[in-house]
Every structure is written in C-alpha cells, then in structure tokens.
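Everything below concerns the one structure shown next.
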Amino acid sequence: MSEEFQSPRGFHDILGKDLRKFRKITSVVREYLKRHNYEEIITPVVEYAKVFERSIGEVTDIVQKEMFVFKDRKGRLLSLRPEGTAGVVRAYIQHKLYALKPYHKLFYEGPMFRYERPQAGRYRQFHQIGAEVFGIGEPFADAELIKLVSDILNELKVKATIEINSLGCRVCRPAYREALTQYLHNVAGELCDVCIDRKDRNPLRVLDCKVETCQTAVKEAPKVVDFLCEDCRRHYEELKVYLSKLEVPYRENPGLVRGLDYYTRTVFEAVSESIGAAVIAGGRYDYLVEELGGPPTPALGFAVGIERLSLLVEDPGKEEEFYFVIPLGDVLPQALKVAQNIRERGKVAELSYRRGGLKKQMEFANKIGADYVVIVGEDELKEGVVSLKDMRTGEQVKIKPEEI
Ligand code: HAM
Numbered sequence: 002m003s004e005e006f007q008s009p010r011g012f013h014d015i016l017g018k019d020l021r022k023f024r025k026i027t028s029v030v031r032e033y034l035k036r037h038n039y040e041e042i043i044t045p046v047v048e049y050a051k052v053f054e055r056s057i058g059e060v061t062d063i064v065q066k067e068m069f070v071f072k073d074r075k076g077r078l079l080s081l082r083p084e085g086t087a088g089v090v091r092a093y094i095q096h097k098l099y100a101l102k103p104y105h106k107l108f109y110e111g112p113m114f115r116y117e118r119p120q121a122g123r124y125r126q127f128h129q130i131g132a133e134v135f136g137i138g139e140p141f142a143d144a145e146l147i148k149l150v151s152d153i154l155n156e157l158k159v160k161a162t163i164e165i166n167s168l169g170c171r172v173c174r175p176a177y178r179e180a181l182t183q184y185l186h187n188v189a190g191e192l193c194d195v196c197i198d199r200k201d202r203n204p205l206r207v208l209d210c211k212v213e214t215c216q217t218a219v220k221e222a223p224k225v226v227d228f229l230c231e232d233c234r235r236h237y238e239e240l241k242v243y244l245s246k247l248e249v250p251y252r253e254n255p256g257l258v259r260g261l262d263y264y265t266r267t268v269f270e271a272v273s274e275s276i277g278a279a280v281i282a283g284g285r286y287d288y289l290v291e292e293l294g295g296p297p298t299p300a301l302g303f304a305v306g307i308e309r310l311s312l313l314v315e316d317p318g319k320e321e322e323f324y325f326v327i328p329l330g331d332v333l334p335q336a337l338k339v340a341q342n343i344r345e346r347g348k349v350a351e352l353s354y355r356r357g358g359l360k361k362q363m364e365f366a367n368k369i370g371a372d373y374v375v376i377v378g379e380d381e382l383k384e385g386v387v388s389l390k391d392m393r394t395g396e397q398v399k400i401k402p403e404e405i
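Here our numbering is used: the first residue of the sequence shown is 2, the next is one more, and so on.
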C-alpha cells in the first residue's frame with residue numbers, strides 16, 4: 002500500500018481485540034463514574050488555542066511542541082485539544098454552572114491530540130476518559146478521587162502504583178520556585194539547551210525533563226514538599242490519612258511534578274512498571290477556573306489513558322453468544338425470518354451470507370466462533386422445524402423456529 006494512503010504517523014485505527022479492550026476499559030470506568038454520580042459532558046475537539054495556552058501553561062512541552070494548531074478562515078488560532086480538562090473548565094465557566102449548584106462532578110470521553118514521537122502506547126491521537134470535580138477544596142475529595150482510580154485499576158486487574166505528591170499553592174510555590182531556580186543555576190552546565198531556557202521561565206518543568214543529564218542534575222534538587230505552607234501541609238497530611246482509612250495503597254513521590262502547569266497541591270499518577278509510564282493521572286487545580294475568567298473555584302480531576310491501559314488489560318473476548326443461521330437450499334425468505342425472530346427476542350443472530358454445502362458452512366460457523374448454529378433446510382421446513390446445534394457440546398435437536 003502506498004504510504005500516502007496509510008493513516009498518518011501516530012494516528013491509528015482501533016479494531017478487533019484492541020477495540021474490545023478499549024470498550025471494556027470505558028465501560029468499567031463509566032460504571033464506576035456512575036456509582037459516584039458523575040454527569041457526562043461532551044465538549045468540542047477544537048478550542049481556541051488560548052484556552053490551552055492559558056490552562057496548560059505557555060512554557061510546557063504540550064503547548065510549545067505538541068499542539069496541533071491551525072488558523073480558521075478568519076485567521077483565529079484554533080487547536081485540537083491535547084487534553085480534556087481545559088475544555089471542561091471553559092464549558093463550566095461559559096455555562097455558568099457554578100451558579101446552579103455549589104459543586105459539580107463531570108466526566109468526558111474522547112480523542113485527544115498531541116504531536117509526540119509515537120511509540121508503544123503513545124500516539125498523536127489517543128483517547129481519554131476523565132473526570133473533573135468543581136467547587137470542593139477539601140482533601141477528602143482528593144482521597145475519594147484517588148480511591149476511584151484505585152478501584153478502576155483493581156476492577157481491570159491492572160497492576161500500577163499510585164504515586165502522590167503536593168505541589169503547594171500561591172502562598173508557598175514562590176519560595177520553592179526561587180530555591181529551585183537557584184539550584185538550577187548552580188547545575189546549569191549539566192542541563193540541556195531547552196532546560197537552560199526553562200530554568201528561569203518555568204523551573205518546575207526541568208524536573209520533568211526526559212534528557213538523562215537533566216535527570217541526573219536534578220537528583221539533589223530541593224523538594225516542593227519541604228516548602229509547603231501550613232495549609233498545604235495540612236491538606237497533604239489529611240489526604241494521606243484519608244487514603245489509609247480507605248485502604249488505598251500509595252507511594253509518595255516528591256519528584257512527581259506532572260507536565261501541565263495548572264496543578265496546585267495534590268498531584269497523582271498510577272504508574273505501571275511493566276510499561277514504564279502512567280496509565281491514569283490527575284490532581285488538583287484550584288486556580289484554573291479563575292485563570293480562565295470564572296469565579297474562584299477549587300477543582301480536581303483525573304484522566305485515564307485508554308490506549309496505555311489497553312497494554313495492560315486482557316482481551317475480554319466477544320461479549321454475547323450468537324446464533325448463526327444457515328440456509329440450505331431455496332429457503333432464504335424463511336431463514337431471514339428465523340434470524341429476525343431470534344433478534345426480536347433480544348438475542349444476537351447472524352444470517353450466513355455465504356452460499357454452499359453444510360460442511361463448508363459449518364466450518365465457517367466454527368471459524369467465526371458461533372455459539373449455536375440454526376440450520377434451515379428445505380425438508381425440515383416442510384415439517385415446520387429447523388435444526389439447532391450447540392457448538393460447544395455438539396448436541397443437535399430439531400425444534401420449531403419460534404421455540405429457539
Ligand atoms: P496527562 O498526564 O497529560 O494528564 O494525561 C493523562 C493520561 O493520558 C496519561 O497518564 C496517559 O495514560 C495518557 N496519555 C497522555 N499522552 C498520551 C499519548 N500521546 N498517547 C497515549 N496516551 C497518552 C491530563 O491530560 C490531565 N488533563 C489529567 C487531569 C484531569 N488532571 C486533572 N484533571
């Protein structure tokens with residue numbers, strides 16, 4: 002196949018067992034979100050680029066290197082969404098949801114776009130299902146959200162470690178930022194070119210750099226948890242107490258900073274050792290609603306990376322048993338009717354679209370994994386019956402079509 006007719010690099014089709022895993026993940030996540038009474042929201046795939054620049058931060062990899070930005074016919078800058086939170090926050094403010102209820106719990110599902118270097122589990126179009134809570138600043142909400150993440154992982158039988166950290170707030174972050182910048186100046190010789198620039202503009206991002214020399218250089222860097230103000234420290238301590246009460250296993254990772262600038266206080270990631278990456282991630286973002294023009298509203302959320310999780314879940318196989326209806330001879334109208342009758346009773350039926358003898362048809366039924374075969378034959382029809390074969394036991398009976 003000529004390359005120009007293949008899907009673009011990093012854009013993938015999802016089919017077969019990958020799609021079954023995809024659906025299993027979304028149905029489990031949806032089920033758990035439902036139990037927590039989250040309400041679904043669908044936001045556009047495209048927003049004004051400013052929405053993301055403001056939310057995610059101008060000096061982040063996502064905004065600087067990974068957004069799919071384009072101009073509309075009036076010259077306005079739009080971007081495919083690289084993540085879901087910014088759009089949900091924009092919608093929350095635009096529809097003045099804050100005026101309706103003191104707090105909101107919303108969830109979304111859909112494709113996200115980042116111009117990253119594709120590799121296993123990393124795509125340029127990928128899918129997230131995520132949740133956002135608006136209007137609650139207390140740490141029990143963080144704990145409940147992390148418990149939800151932990152439940153989802155358990156239900157999907159995925160082994161991942163939940164790492165947590167606190168990134169502080171407006172009060173304590175400046176002092177930390179200063180200490181970190183000072184430290185980074187001292188090790189500037191070991192930093193990559195990008196981080197040389199970042200160290201003054203957005204020093205936290207240096208901690209997140211994947212370049213090896215940078216990772217070594219920041220090993221001894223000051224830790225944000227050592228700079229937390231009284232309120233942030235209490236928030237973090239209470240979160241840990243709640244997590245223990247809820248029996249959520251977690252690991253503190255003082256180096257966890259996340260790749261988006263909107264976070265305050267709690268951040269977390271569910272990291273899989275076997276793929277060496279986070280499968281679910283999130284945290285608190287208490288200033289973002291305000292930053293985008295809404296009233297001061299504490300908020301928090303997480304997003305599940307569906308393709309990443311897919312690498313770790315088992316193929317559930319096909320869900321429903323199905324009846325395969327084989328017409329033998331000149332009986333198509335009757336066979337159509339038999340299949341239709343089965344469907345009307347809420348079962349799954351497929352009419353064979355192949356022609357040919359019984360042997361070939363049975364081989365085909367086996368190949369596509371039919372659970373039951375219904376043979377509609379000319380002679381049997383004269384007696385008002387069809388043959389029903391259970392493919393697992395091999396048992397075969399003659400039966401009136403309406404009794405299947
Ligand atoms: P994020 O860490 O950028 O956070 O992405 C969340 C998850 O999406 C990651 O843990 C990963 O599983 C998946 N993911 C990210 N990039 C890719 C990619 N290129 N290919 C495949 N999967 C990917 C957020 O997006 C935040 N909006 C999460 C959040 C919600 N925070 C608060 N609320």
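From the three backbone atoms N, C-alpha and C, an ideal C-beta is built for every residue, glycine too.
Model, not experiment: these values are computed from the prediction.
Residue i Cβ short of 7 Å to the ligand HAM heavy atom set
| i | result |
| --- | --- |
| Thr86 | yes |
| Val29 | no |
| Tyr286 | yes |
| Phe135 | no |
| Tyr109 | no |
| Ile281 | yes |
| Phe71 | no |
| Gln335 | no |
| Phe23 | no |
| Arg266 | no |
| Tyr124 | yes |
| Glu48 | no |
| Phe12 | no |
| Gln129 | yes |
| Gly277 | no |
| Gly76 | no |
| Gly306 | yes |
| Leu81 | no |
| Gly318 | no |
| Leu261 | yes |
| Phe303 | yes |
| Glu291 | no |
| Glu117 | yes |
C-alpha distance - residue i paired with residue j, whole-angstrom precision
| i | j | result |
| --- | --- | --- |
| Glu164 | Ser56 | 23 Å |
| Val225 | His236 | 14 Å |
| Val188 | Gln65 | 24 Å |
| Tyr251 | Gly302 | 17 Å |
| Arg259 | Gly58 | 12 Å |
| Leu229 | Leu20 | 44 Å |
| Glu396 | Val349 | 20 Å |
| Thr217 | Val207 | 11 Å |
| Pro1 | Glu253 | Any question about residue 1 goes unanswered here, given that the chain covers just 2 to 405. |
| Lys35 | Leu205 | 35 Å |
| Thr44 | Met363 | 47 Å |
| Pro112 | His128 | 4 Å |
| Val70 | Glu54 | 11 Å |
| Thr86 | Ser388 | 55 Å |
| Pro223 | Arg178 | 9 Å |
| Asp198 | Ser3 | 42 Å |
Closest Cα partner of residue i within the set the options
| i | options | result |
| --- | --- | --- |
| Leu154 | Gln65, Arg309, Val386 and Asn166 | Arg309 |
| Lys319 | Phe23, Gln7 and Ala161 | Phe23 |
| Phe114 | Lys220, Val268 and Pro9 | Pro9 |
| Asn367 | Tyr354, Val375, Glu384 and Met392 | Met392 |
| Gly131 | Leu107, Gly122 and Ala100 | Leu107 |
| Tyr109 | Gly138, Arg31 and Pro103 | Arg31 |
| Val377 | Arg21, Arg356, Pro140 and Val258 | Arg356 |
| Lys390 | Gln216, Phe325 and Ala50 | Phe325 |
| Asp201 | Leu181, Glu117, Cys210 and Arg125 | Leu181 |
| Phe269 | Ile276, Gly256 and Ala350 | Gly256 |
| Val195 | Phe135, Thr265, Thr61 and Gly17 | Thr61 |
| Ala279 | Ala161, Glu291, Tyr263 and Phe365 | Ala161 |
| Ala271 | Lys360, Leu261, Ala282 and Ala371 | Ala282 |
| Glu381 | Lys399, Ser3 and Arg178 | Lys399 |
| Glu139 | Leu168, Thr267, Gln183 and Val375 | Thr267 |
| Leu261 | Asp316, Phe141 and Asn203 | Asn203 |
| Glu156 | Glu5, Val29, Leu98 and Glu4 | Val29 |
| Leu146 | Ile63, Leu247, Lys72 and Lys102 | Leu247 |
Cβ-based neighbour list, residue i, same chain, cut-off 7 Å, excluding 5 preceding and 5 following
| i | result |
| --- | --- |
| Arg91 | Glu48, Val52 and Leu293 |
| Leu337 | Leu352 |
| Ser151 | Ile163 and Val249 |
| Glu403 | Asn342 |
Cutoff 8 Å; reference residue i; Cβ partners in own chain excluding five residues on either side
| i | result |
| --- | --- |
| Asp14 | Ser8 |
| Glu379 | Leu329, Gly330, Asp331 and Val332 |
| Cys193 | Cys210, Val212, Thr214 and Cys215 |
| Asn38 | Lys106 |
Same chain only: Cβ atoms within 6 Å of residue i, ignoring 5 sequence neighbours per side
| i | result |
| --- | --- |
| Met68 | Ser80 and Pro83 |
| Glu274 | none |
| Leu312 | Gly122 and Ile276 |
| Asp287 | Thr265 and Pro299 |
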